[in-house]
Amino acid sequence: SAVISQKPSRDICQRGTSLTIQCQVDSQVTMMFWYRQQPGQSLTLIATANQGSEATYESGFVIDKFPISRPNLTFSTLTVSNMSPEDSSIYLCSARQGGTDTQYFGPGTRLTVL
Amino acid sequence: SQQGEEDPQALSIQEGENATMNCSYKTSINNLQWYRQNSGRGLVHLILIRSNEREKHSGRLRVTLDTSKKSSSLLITASRAADTASYFCATELNSGGSNYKLTFGKGTLLTVNP
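Those protein sequences? They're chains A and B, same order as listed. So the first sequence is numbered by this note's numbering: it starts at 569 and just counts up by one. So the second sequence is numbered by this note's numbering: it starts at 1017 and just counts up by one.
Below, the structure is given as structure tokens:
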């Protein structure tokens, strides 16, 4: 299985600022993804992080608000830009392991925007 | 719209009883994965079942898949208080190409009373 770590685990931020979340996988994986889980809700896919190219965003999510990088096969970052209280959520990184097709998730980053 | 829908939304049982959660989906899938989430933390992968499989077991967990009815069930036998968590099903759609994103259901909150 793949072990995924995220930093920070939680943060409290002021409106209008930006936060970058880091995701590290302990083995090479084929695909990495970023999800959002709003309070009391299920998970919604933000984007697929593509290595060396622009991320693929889902409907309702845009690059200016959620810029994503993936410089190599095991690392990705998600930035939440110009934050508002509506961005308060848990942000989760996941990675799909080729061969098993299993998607593993990181522990999440709990973001609170004041 | 959500691909997966869990049923029931909440389930409360006594320790030692079995818990059954159901998941329905709408379109053709590659696989279906079940996850557990404890109190807003990261997701723990439980079982992956492929579209050509009908049943899988892992310890006290049993998952079934009925592609004709587009439904899956997760059975936890001899439940323990530590099984208290939210359980999500997630489907990987069979859309061809390299689109491996997961679509999550709303989840079932399982409470196991000691």
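Built from N, CA and C at the ideal position, the CB exists for glycine as well. No experiment lies behind these values; they were computed from the predicted model shown.
Supposed contact pair residue j and residue i - C-beta distance, whole angstroms, cut 8 Å
i	j	result
Val593 of chain A	Thr642 of chain A	5 Å
Ser652 of chain A	Val681 of chain A	6 Å
Arg1070 of chain B	Ile1092 of chain B	With 8 Å as the limit, Arg1070 of chain B and Ile1092 of chain B do not qualify as a contact, their Cβ atoms being about 19 Å apart.
Cβ-based neighbour list, residue i, same chain, cut-off 8 Å, excluding 5 preceding and 5 following
i	result
Thr647 of chain A	Ser586, Leu587, Thr588, Ile589, Phe634, Pro635 and Ile636
Ala1127 of chain B	Note that residue 1127 of chain B is Thr in the sequence shown here, rather than Ala. Contacts found: Ala1026, Leu1027, Ser1028, Ile1029 and Thr1100.
Ser577 of chain A	Pro675, Gly676, Thr677 and Arg678
Asp964 of chain B	With chain B covering only 1017 through 1130, there is no way to say anything about residue 964 of chain B.
Cys581 of chain A	Leu587, Met651, Leu679, Thr680, Val681 and Leu682
Leu1118 of chain B	Gln1049, Ala1106, Thr1107 and Glu1108
According to DSSP, residues forming a beta bridge with residue i
i	result
Met599 of chain A	A:Arg664
Cβ-based neighbour list, residue i, same chain, cut-off 6 Å, excluding 5 preceding and 5 following
i	result
Ser644 of chain A	Cys591, Met600, Ala617 and Arg638
Ser1102 of chain B	Gln1053, Gly1123 and Leu1125
Gln1049 of chain B	Leu1064 and Ala1106
Proximal residues to residue i (C-beta, below 7 Å), its chain only, five neighbours per side dropped
i	result
Ser1017 of chain B	In this prediction, Ser1017 of chain B has a pLDDT of 41, which is less than 50 and means its spatial position is unreliable; nothing more can be read from the coordinates.
Gln606 of chain A	Ser657
Glu1031 of chain B	Ser1095, Arg1096, Ala1097, Val1128, Asn1129 and Pro1130
Neighbour list for residue i in chain B, Cβ cutoff strictly below 7 Å
i	result
Ser610 of chain A	Phe1104, Phe1120, Gly1121, Lys1122 and Gly1123
Thr616 of chain A	Lys1117
Residue i: contacting residues in chain A (beta-carbon distance under 7 Å)
i	result
Gly1058 of chain B	Leu660, Phe673, Gly674, Pro675 and Gly676
Residue i at chain D interface by Cβ criterion, 9 Å
i	result
Met599 of chain A	Checking the listed chains, one finds no chain D in this structure; the protein chains it contains are A and B.
9 Å Cβ cut-off: residues of chain A touching residue i
i	result
Leu1140 of chain B	Residue 1140 of chain B is absent from the model: chain B starts at 1017 and stops at 1130.
In the region 1059-1087 of chain B, which residue ranges form an unbroken alpha helix (DSSP H) of at least 4 residues, counting only runs that do not cross its ends? Not a single unbroken stretch of the alpha helix (DSSP H) spanning 4 or more residues falls wholly within the region 1059-1087 of chain B.
- Query: Which full runs of the alpha helix (DSSP H) of 4+ residues lie inside the region 582-645 of chain A, going along the chain?
  - Reply: Listed in chain order, there is nothing to give.
* Which runs of the beta strand (DSSP E) spanning at least 3 residues fall entirely within the region 1022-1061 of chain B, listed in chain order? -> Segments of the beta strand (DSSP E) lying fully in the region 1022-1061 of chain B: 1026-1030, 1035-1040 and 1045-1053.
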